[in-house]
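Structure, as structure tokens:
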Amino acid sequence: MTSKQQTASSSSSLYGIQRSKQSASKKDLTSSSTLAFTTHLSSLISKDAAATTQSSSSSGRGRTRPSKGSKPDIFAVHNKGALKRAAADEAEDVHGALRQVHQSSDIVGQVDAATLQRSRRRMEEKAHIYEDLKKGYHLAEGESSDEDDDVAAGDSRVSKMRRRERNALVDFDRKWAEQEQNEDEDGDDDEETGSMVDYEDEFGRTRRGTKAEAAQAARARRQLENDEAVDETSKSRPARPSNLIHGEAIQSQAFNPDAAMASQMAALAARRDRSATPPEQAHYDAEAEVRTRGTGFYKFSADEKTREREMEELLKTRRETEREREVRGERKAERDRLKEERRRKVHELRSKHHAERFLKGLSVDLG
1 MTSKQQTASS
11 SSSLYGIQRS
21 KQSASKKDLT
31 SSSTLAFTTH
41 LSSLISKDAA
51 ATTQSSSSSG
61 RGRTRPSKGS
71 KPDIFAVHNK
81 GALKRAAADE
91 AEDVHGALRQ
101 VHQSSDIVGQ
111 VDAATLQRSR
121 RRMEEKAHIY
131 EDLKKGYHLA
141 EGESSDEDDD
151 VAAGDSRVSK
161 MRRRERNALV
171 DFDRKWAEQE
181 QNEDEDGDDD
191 EETGSMVDYE
201 DEFGRTRRGT
211 KAEAAQAARA
221 RRQLENDEAV
231 DETSKSRPAR
241 PSNLIHGEAI
251 QSQAFNPDAA
261 MASQMAALAA
271 RRDRSATPPE
281 QAHYDAEAEV
291 RTRGTGFYKF
301 SADEKTRERE
311 MEELLKTRRE
321 TEREREVRGE
331 RKAERDRLKE
341 ERRRKVHELR
351 SKHHAERFLK
361 GLSVDLG
């Protein structure tokens, strides 16, 4: 291909369409050239902005002088609530005792089951270790050195107990002896104060209580005897009556009265009411008062025989009314039963009719 053909092909498109001279003279911009142009333009803009800032700062006021105060220390700033907690700790130290505050699960949050199981397992291990220490497994014979215990395979629990005993701070033998001594002292105190004895109080009553209560009652009785020995005028409470009745006694005077008592009883009998007992019957008189007669009002006669006859007639009428009410109720129940029977039959016929219509429609669809 000659140079002239190349020029013609470059000026025309693939399909032989002539290109315009203006479009042919333009250069195709690739992505790399566009990126380079953007980078160069950004550098020029940044340089222009830096020069403008420097000129404006130089034309304005001078450089600001640094403050004389030192920079704040990062340790001088306290966390939120730290001062309050420190004051609370100091207050607890002043009182000499720490106060335990129990918080609910709503405040501290829920604990998952794995954490609870792990804590329970550790507490059980500690309880087993403490029980072994109390039983004396750590005092077994055949002590071995620490190196042997570390090297030996399958180290037993007894070896572990011996190793922990050498670093233990609790003497269980002395602790057991002190506990036995305290129990003996408590038992002696119980024998002195807890044994029950019979004693007599300051009022002459027989009581049962401890020795301490008996000694207190004896002191009260002696004090009462000393008070009785004082002059009657200086006493703050009256003396005990001498004619008190102690124990069970029969009042025979009620059955064998003397002359004075008999005369008083006769006078009371003479003044006794001699009216009939029980009193005569008094019936309500409807005409004695002005009252509004309501529905069902019935006036009975004042004559006793007539009144009884009227009441018998009223009672007979009541029985007839109740009998008629029962008959009427039976009739109503029979009507309800027949009505329910008819309703059931109608329901059965309706269901049968629906079933036949459904089967007929089904046969038509299948046919």
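Residue numbers for the sequence shown, in UniProt numbering: 1 to 367.
From the three backbone atoms N, C-alpha and C, an ideal C-beta is built for every residue, glycine too.
key: Contact between the segment 192-212 and the segment 220-227 (3+ Cβ pairs under 8 Å)   = yes
message = If contacts are defined as beta-carbon pairs under 8 Å, then Ala302 and Asp285 qualify, I think. What distance do you get, rounded to the angstrom?
response = 7 Å
task = Indicate the three-state DSSP secondary structure (helix, strand or coil) for Tyr130 in the structure shown.
result = Three-state result, Tyr130: helix.
request  = Determine the contact status of Glu310 and Phe300, defining contact as a CB-CB distance below 8 Å.
outcome  = yes
ask   = For Thr38, which three-state DSSP category applies?
value = Here Thr38 carries a helix assignment [DSSP, helix/strand/coil].
inquiry  = I need the DSSP call for Thr321, collapsed to helix, strand or coil.
reply    = Note: Thr321 maps to helix in three-state DSSP.
task = Could you round the C-beta distance between Phe172 and Lys134 to whole angstroms and report it? I think they count as a contact, below 8 Å.
result = 6 Å
task = For Ala249, count neighbouring Cβ atoms within 10 angstroms of its own Cβ and tell me buried if that reaches 16, exposed if not.
result = Exposed.
Ala270, buried or exposed, once every other Cβ within 10 Å from all chains shown has been counted against 16 = exposed
request  = Report the rounded CA-to-CA distance for Ser351 versus Leu366, giving the unit in angstroms.
outcome  = 23 Å
ask   = At which residues does the alpha helix (DSSP H) containing Gln264 begin and terminate?
value = Ala259 to Ala270
inquiry  = Assuming contact is defined by CB atoms lying nearer than 8 Å, are Asp283 and Arg307 in contact in what I supplied?
reply    = Looking at the sequence shown, residue 283 is not Asp but His. Cβ atoms of His283 and Arg307: closer than 8 Å.
Assumed close pair Val197, Ala214 - CB separation to whole angstroms, cut-off 8 Å = 5 Å
ask   = Cα separation between Asn256 and Ala262?
value = Just so you know, the alpha carbons of Asn256 and Ala262 end up roughly 9 Å apart.
task = State the start and end residues of the unbroken beta strand (DSSP E) segment that holds Thr210.
result = Thr206 to Thr210
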